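Position one of the sequence shown corresponds to residue 456 (the working numbering), numbered consecutively onward. All residues carry an ideal CB built from backbone N, CA and C; glycine is no exception. Being a predicted model, the structure only gives us computed values, none of them experimental.
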Amino acid sequence: MPEDFASGDYWARREDSLYYRYVDYIVRTVGREAKTLLDVGTGNCPYLEWFYWIDRKVSIDMRVPYRSETVEGMVGDIHEMDFGEGFDIVTCLQVLEHVPDASIFGRRLLELGKIVVVSVPYRWDTSPRTLGHIHDPVTYKKLTAWMGREANYREVVREPFHTRKSERLIAIYDVQAPSRKISSNDIKARRARMPC
456 MPEDFASGDY WARREDSLYY RYVDYIVRTV GREAKTLLDV GTGNCPYLEW FYWIDRKVSI
516 DMRVPYRSET VEGMVGDIHE MDFGEGFDIV TCLQVLEHVP DASIFGRRLL ELGKIVVVSV
576 PYRWDTSPRT LGHIHDPVTY KKLTAWMGRE ANYREVVREP FHTRKSERLI AIYDVQAPSR
636 KISSNDIKAR RARMPC
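Quick look at the structure:
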């Protein structure tokens with residue numbers, strides 16, 4: 456699979472996925488004031504370019520991070536790197552299901568950002584097993600155990616026209632306000648700040 460990332464094939468097969476549209480909308484809403492963003496496990500996917508208002512965008516991946524004029528790419532392990540003060544928003548899309556100790560990884564994500572957005576495959580069948588997935592089926596209960604807390608908001612996104620392995624769970628964590636309810640007020644605030 457690393458060759459898929461380097462060649463861009465991975466992104467080409469997924470770029471029109473509905474869940475990416477949800478992530479875009481979510482980051483525009485809960486990250487409307489963000490000045491810094493870290494994406495963990497980018498896999499050379501250019502979706503960080505969507506977040507034009509964020510001054511510093513960092514992509515980290517064990518193999519092939521995304522790099523551009525506006526995105527810093529780093530090869531490395533989030534457990535071994537010092538990111539200083541952390542980030543306003545951290546995204547980690549379709550990664551936890553690949554990580555042997557997802558609990559340690561999930562809790563590290565919460566140390567790195569003020570807002571954390573995670574997506575995982577939701578209740579995917581184990582037959583046939585998806586290449587690289589070691590935790591299927593992933594449920595909200597399992598994700599909550601990994602993260603060590605409830606999400607402030609969660610949504611299951613189903614890709615249209617797919618009959619199997621089509622759902623993804625997206626969860627948002629406000630690290631500084633664990634009991635905050637993310638609601639339509641956040642959408643109104645986004646529209647007031649950023650009309651697009």
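Run through DSSP, which three-state label would E622 get? Translated into positions along the sequence shown, residue 622 becomes position 167. Taken through DSSP and simplified to helix, strand or coil, E622 comes out as strand.
Cα-Cα separation between I570 and D629, rounded to whole angstroms: In the sequence shown, the residue the question calls residue 570 occupies position 115. In the sequence shown, the residue the question calls residue 629 occupies position 174. One C-alpha to the other measures close to 5 Å.
Measuring CA to CA, which of V513, H534, N499, G541 is closest to Y521? Start at 1 with the first residue of the sequence shown, and residue 521 comes out as number 66. Of the listed residues, the one whose Cα sits closest to Y521 is N499.
According to DSSP, simplified to helix, strand and coil, what is V519? In the sequence shown, the residue the question calls residue 519 occupies position 64. Coil, per DSSP.
Could you compute how far the alpha carbon of L551 sits from the alpha carbon of S523? Reading the sequence shown from its first residue, position 96 is the one you call residue 551. Reading the sequence shown from its first residue, position 68 is the one you call residue 523. The straight-line gap from Cα to Cα measures roughly 25 Å.
Sequence-distant residues of its chain with Cβ nearer than 6 Å to D494 (five each side left out): Taking the sequence shown and counting its residues from 1, the one referred to as residue 494 is at position 39. Here the set comprises L503, S514, T546.
Would you give the residue range spanned by the alpha helix (DSSP H) that D641 belongs to? Numbered from its first residue, the sequence shown carries residue 641 at position 186. For D641, the uninterrupted alpha helix (DSSP H) run begins and ends at 639 to 648, by DSSP.
Burial state of Q631, where buried means 16 or more other Cβ atoms lie within 10 Å: For this step, residue 631 is matched to residue 176 along the sequence shown. Exposed is the call here.
Ordered list of beta strand (DSSP E) runs contained in the segment 527 to 596, each at least 3 residues: Entirely contained in the segment 527 to 596, the beta strand (DSSP E) runs reaching 3 residues are, in chain order, 542 to 548, 568 to 576.
When burial is assigned at 16 or more other CB atoms within 10 Å of the CB, is S574 buried or exposed? As a position in the sequence shown, residue 574 is number 119, starting the count at 1. Counting Cβ neighbours within 10 Å, S574 comes out buried, since at least 16 surround it.
By the 10 Å Cβ neighbour count, where 16 or more other Cβ atoms means buried, how is I625 classified, buried or exposed? For the purposes of this step, residue 625 is identified with residue 170 of the sequence shown, where counting begins at 1. With at least 16 other beta carbons inside 10 angstroms of its own, I625 counts as buried.
P592 and R578 - do their beta-carbons sit closer together than 8 Å? For the purposes of this step, residue 578 is identified with residue 123 of the sequence shown, where counting begins at 1. For the purposes of this step, residue 592 is identified with residue 137 of the sequence shown, where counting begins at 1. Contact flag set, yes.
Please classify I509 as buried or exposed, where buried requires at least 16 neighbouring CB atoms within 10 angstroms. Walking along the sequence shown from the start, residue 509 turns up at place 54. The residue is buried, with at least 16 neighbouring Cβ atoms inside 10 Å.
Can you list, in chain order, the residues of its chain with a C-beta nearer than 6 Å to that of R511? Leave out the 5 residues immediately preceding and following it. For the purposes of this step, residue 511 is taken as the residue at position 56 of the sequence shown. The answer, listed in chain order, is T491.
Whose C-beta lies closer than 8 Å to the C-beta of I533 among residues of the same chain, with five residues either side of it excluded? Looking up residue 533 in the sequence shown gives position 78. Hits under 8 Å: V495, I515, F560, R563, L564, L567.
Nearest-angstrom Cα distance between R635 and I544? Within the sequence shown, the letter at position 180 stands for residue 635. Within the sequence shown, the letter at position 89 stands for residue 544. For R635 and I544, the gap between their C-alpha atoms comes out near 16 Å.
Counting C-beta neighbours from all protein chains within 10 Å, is the total for A647 16 or more, i.e. buried, or is it exposed? What you label residue 647 is simply residue 192 of the sequence shown in a count that begins at 1. If you draw a 10 Å sphere on the C-beta of A647, you find fewer than 16 other C-beta atoms in it, and that means exposed.
Considering only residues of the same chain and omitting the five flanking positions on each side of W601, which have a CB-CB separation below 7 Å? The count along the sequence shown starts at 1 and reaches residue 601 at position 146. Cβ neighbours of W601 beyond the five flanking positions: L551, A557, S558, G561.
Can you give me the C-alpha to C-alpha distance between R619 and D537, rounded to a whole angstrom? The count along the sequence shown starts at 1 and reaches residue 619 at position 164. The count along the sequence shown starts at 1 and reaches residue 537 at position 82. So the alpha carbons of these two residues sit roughly 39 Å apart.
Where H590 and S582 are concerned, what is the direct C-alpha to C-alpha distance, given to the nearest angstrom? For the purposes of this step, residue 590 is taken as residue 135 along the sequence shown, with counting starting at 1. For the purposes of this step, residue 582 is taken as residue 127 along the sequence shown, with counting starting at 1. Going from the Cα of H590 to the Cα of S582 covers about 13 Å.
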